[in-house]
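Below is one structure, written out as C-alpha cells; the observations come after it.
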Ligand SMILES: Cc1cc2nc3c(=O)[nH]c(=O)nc-3n(C[C@H](O)[C@H](O)[C@H](O)COP(=O)(O)OP(=O)(O)OC[C@H]3O[C@@H](n4cnc5c(N)ncnc54)[C@H](O)[C@@H]3O)c2cc1C
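In my numbering, the protein residues as written are 1 to 493.
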C-alpha cells in the first residue's frame, strides 16, 4: 500500500512574536495582550525571564547580579518602577553615595583627608564640564587640548574620574531620569529580588501556577532566535533548536550588545542606516563582584557604606560597598568593575579574581583580614544573550541616531532600554520603551486593517483606470500605498 503523501505542516503563526523576556519584551507583550492580541508568542533564549534583572542567593542573602537600584526617586513624577515596588511591597533602602568621596583609601590603607578628596572631586567635575562644552560647541578638536592641569593623574584623581565617568551613569546633565523622577536611588534588598517585579508583570497577563511559576504556552524559554526572515507580508523566526515560527509582526527586545554580535542573522540583512546606528551606540559593561567573609573587618555605619580604593591603574577595584546596611550580619562586600576591567576578570578564573580583590583589601585594611570564603563574578560581557550591561550613548544628544535605533525595519520593531529616548540604560527605560513600541505596532496593525478594507475598492478603481489608460498595474498601486506608509517608508538598504 502506498504511504499517504505527507503534507508539510506550516509553522505556527501568530499575530506578533516578541523576542526576549526582559522587562521591555514583557511590557510590550502585556500591552498587546491587553489590547486583544491574544496570540502573542514570546521567545526567550535563556531558561528564565528577567534578562538583565537577575538575583542569586549568595552567602545567605539575595544579591542582584544585574539591576540593583531604582534610580530616580523623589522627583516631580513617580518612577513607574517605584510604583511597582510599592505595590509589591519590595524592601528597599536609600543609597547615599555622597560619603564615598570621604572614604578614599590609598594603597597603604590611609584615608585621604576630606579636603584633598573634595578638591579632586571638584577638579574631576570641572574636566567633565569642560569636555562637554568642547563637544557641545562642536569644536571637537578642542577635546584633544584639554587643559593638562585638569587631566587625572594621581591615584585619587583617577579613582574619582572613574566614579564620575564609569561608575555613575556617563550622562550629560541634566539627566532626564533625575530631572523627571528625582535624584535619589533606592537599592532593592528583598529575598524575592528585583526580578519579583518582572514575574509580577508577567503574571498580570500570562497564566501561572499557584506558586507563581509562569505556565503559559505563549512564553517559550530556551528558544534562542538565530535567524529572522522578513518580507512584505510576514516575519519568520528560526530558533537554534530548529523550530520555525511565523508572525505578522516581530518585536525584538534583545540588548544592543546582542544586536552588535552575530547571534541573530537577518534575511534580508538590516539596512545600512540601522546597522550604522547599532554600530554607533557603545556598550557599557558593569560588574558587581560579591565576596563573602567569615566576619566583617571594614568600618561600618551608613556613612561608611561606600568606599573607594585609589590605585594608579584607573578602575582597578575602585568602588566598594559593604552590605551591612542592607543585610546586617551578612559579611558581604561588593566591588564594582567596569568595561576593560570587567572584561579582564570575566576572562580569568574566579580564584584569580578573588586573590586580586584580597590583595586590594589587604592594602586598605592590613594583612590580617580574613580570606573571602566565596566569590560571585557575573559575566554580562561573555554571556551571548547580553554582551553588555547597558547602552552608552554619545554625550551629545543625537536625535538621528536615536530615531535610527528605534526605527522599524519592515515588520521588525525594536525595543529595549537602548531605544528609550530619555531613560536609556535603566530598568524604567526598558519598561517604558516596551509600552511605546507595542503602541507603535498596534498603530501599524490598525493602518494595515484599514488598508485591507479599502484595497478591493482601490483594485476596482484601478482596473477601470487600467482599461482606460493602460496605466499603473493594481499591484504596483497597492505596493505604492504600502511604500508611502510607515511600514516601508525607510529605504531597505
Ligand atoms: C550589572 C548591571 C547593573 C545594572 N544596574 C541598574 C540599576 O541599578 N538600575 C537600573 O535602572 N538599571 C540597571 N541596569 C540596567 C537594566 O538592568 C537594563 O536596562 C534592563 O533590565 C534592560 O531590559 P531590556 O528588556 O531592555 O533587556 P534585557 O533585560 O536584556 O532583555 C532582553 C532579553 O532578550 C533575551 N535574548 C537575547 N538574545 C536572544 C535571542 N537570540 N533569542 C531570544 N531571546 C534573546 C535575553 O536573554 C533577555 O532575557 C543594570 C544592568 C546590569 C547588567
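Don't be surprised by glycine CBs; every beta carbon is placed ideally from N, CA and C. Nothing here was measured: the structure is a model prediction, and the numbers come from that model.
Two segments are said to touch when three or more pairs of C-beta atoms, one from each, lie closer than 8 Å; by this definition the stretch 249-267 does not touch the stretch 317-334. For residue 286, the three-state secondary structure derived from DSSP is strand. For a cut-off of 8 Å, the C-beta gap from residue 197 to residue 85 is around 7 Å, short enough to register as a contact. For residue 442, the CB contacts under 6 Å within the same chain, skipping 5 residues up- and downstream, are 35 in chain order.
Residue 75 and residue 280 have their alpha carbons spaced roughly 32 Å apart.
At a Cβ-Cβ threshold of 8 Å, residue 255 and residue 386 count as neighbours. A contact between stretches requires three or more CB pairs, one per stretch, nearer than 8 Å, and the stretch 38-45 fails this requirement with the stretch 351-368. Nearest neighbour of residue 14 by Cα position, chosen from 233, 415, 366, turns out to be 233. With respect to the 8 Å criterion, residue 51 and residue 20 are classified as neighbours on the basis of their beta carbons.
Membership of residue 187 in the beta strand (DSSP E) is indicated by the continuous run 184-188. Here residue 108 is actually not in contact with residue 69; their C-beta atoms are around 32 Å apart, not less than 8 Å. Residue 31 is a Cβ neighbour of residue 435, given a cutoff of 8 Å. For residue 356, the uninterrupted alpha helix (DSSP H) segment begins and ends at 350-365. In this structure, residue 187 sits away from residue 100, with a CB-CB distance that is not shorter than 8 Å.
Ranked by Cα distance from residue 308, the options 98, 185, 419 are led by 98.
Beta-bridge partners of residue 229 (DSSP): 236, 267. Under the DSSP assignment, residue 72 falls in the beta strand (DSSP E) whose first and last residues are 69-73. Closest option to residue 353, judged by alpha-carbon separation, among 368, 366, 374, 339: 374. In the DSSP assignment, residue 250 falls within the beta strand (DSSP E) that extends over 244-252.
Straight through space, the alpha carbons of residue 162 and residue 314 are spaced by roughly 7 Å.
Residue 371 and residue 59 have their C-alpha atoms roughly 14 Å apart.
Contact between residue 417 and residue 407 does not hold, since their C-beta atoms are separated by about 17 Å, which reaches or exceeds 8 Å. Only residues of its own chain outside the window of five on either side were considered, and among them 40, 41, 42, 206 have a CB closer than 7 Å to the CB of residue 218, listed in chain order. No Cβ-Cβ contact shorter than 8 Å links residue 249 with residue 238.
Distance from the C-beta of residue 310 to the nearest heavy atom of ligand 1 is not below 7 Å. A distance below 8 Å between beta-carbons, with the five flanking residues on each side excluded, links residue 362 to the following residues of its chain, in chain order: 369.
Take the alpha-carbon of residue 252 and the one of residue 77: they are about 29 Å apart.
In the three-state DSSP reduction, residue 217 falls in the coil class, being neither helix nor strand.
At a cut-off of 7 Å, the beta-carbon of residue 270 does not count as near ligand 1: no heavy atom of the ligand is closer than that. Distances from the CA of residue 178 to each of 154, 423, 278 were compared; the closest alpha carbon is that of 423. In the three-state DSSP reduction, residue 273 falls in the helix class (H, G or I).
Taking all protein chains in view, the Cβ of residue 446 is surrounded by fewer than 16 other Cβ atoms within 10 Å, so the residue is classified as exposed.
Exclusion of residue 91 from the 7 Å shell around ligand 1 follows from its C-beta lying no nearer than that to any non-hydrogen atom of the ligand. At least one heavy atom of ligand 1 lies less than 7 Å from the C-beta of residue 428. Remark: the shortest separation between the CB of residue 58 and any heavy atom of ligand 1 does not fall under 7 Å. A direct Cα-Cα distance of roughly 17 Å separates residue 340 from residue 310.
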